[in-house]
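Trainee:
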Amino acid sequence: ALRFRMTISGLLARRLEKPLPPNATALSHILHVAAAQILFLDIPDSAAVDLAVTHAKSDPRTVRFSGLVNGVLRTLARSKQAEL
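Quick note: the sequence shown uses this note's numbering, first residue 158, plus one each step.
#1: Confirm, please, whether the CB-CB distance from A205 to I165 is below 9 angstroms.
#2: With D202 as the anchor, note down where its alpha helix (DSSP H) starts and where it stops.
#3: Look up F161 in the DSSP assignment and say whether it is helix, strand or coil.
#4: I want to know whether the segment 167-175 touches the segment 202-218 - three or more CB-CB distances under 8 angstroms.
#5: What do you get for A239, buried or exposed, if any count of 16 or more other CB atoms within 10 angstroms of its CB means buried?
Next comes the structure, spelled out in structure tokens:
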């Protein structure tokens, strides 16, 4: 995920209506890891999205963003061939 961090950040930013809150580092990490799994690893998209949403729901800091995690990552998964 670190090698492609800027690429992933740009792809995620294009799918967000407004930037993430500055104190939402846990949310940012969840999105970045899941995006790396979707884009660069041999992991089924649905599994990466499900794991990220489950993680977001289990953390009190990110539970309110679980819908955002789902929407952003599903959109990324649908358009990944066009993006790379």
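Backbone N, C-alpha and C fix where the C-beta goes; we use that ideal spot for every residue, glycine too.
Mentor: In brief:
#1: For the 9 angstroms CB-CB criterion, I165 and A205 do not form a contact.
#2: Where D202 is concerned, the enclosing alpha helix (DSSP H) stretches over D202 to S215.
#3: Secondary structure at F161: coil, using DSSP grouped into helix, strand and coil.
#4: Cβ pair count under 8 angstroms is below three, so no.
#5: Flag for A239 reads exposed.
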